[in-house]
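Asker:
In our numbering, the protein residues as written are 29 to 138.
#1: Starting from the Cα of residue 100, find the closest Cα among 67, 108, 56 and 57 and give me that residue.
#2: Hey, could you find the ends of the alpha helix (DSSP H) residue 117 is sitting in?
#3: How many Å lie between residue 74 and residue 119 at the Cα?
#4: Tell whether a beta-carbon distance below 8 Å holds between residue 70 and residue 104.
#5: With distance defined between alpha-carbon atoms, name the residue in 108, 124 and 92 nearest to residue 59.
This is the structure in structure tokens:
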């Protein structure tokens, strides 16, 4: 009696207890702060004594950008690729020099 189309459910009814998922909208990325911007925010805090929230009201940056600028140095700290403990001792340098002098191929290096 019923047409075949009515026998199959094409869309599940939404559960009244669950919210219907909305398409995810990406928030546009904020423009990166320059070093001068970060220094300016740090000076603003130093001179006015304002909190990050108070500063955010007066500048065109996001709250997260202001917080980051206040919590971190204006430029990243340079990493030291070789700590002092990895250098050769005087004895090791002498042994290496002697090895290079004794080896015919190493004479060009020494």
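By construction, the Cβ of each residue, glycine as well, lies at the ideal position given by its N, Cα and C atoms.
Answerer: Well, looking at it:
#1: 67
#2: Looking at the DSSP string, residue 117 is not in any alpha helix (DSSP H), and its letter there is neither H nor E.
#3: 52 Å
#4: no
#5: 92
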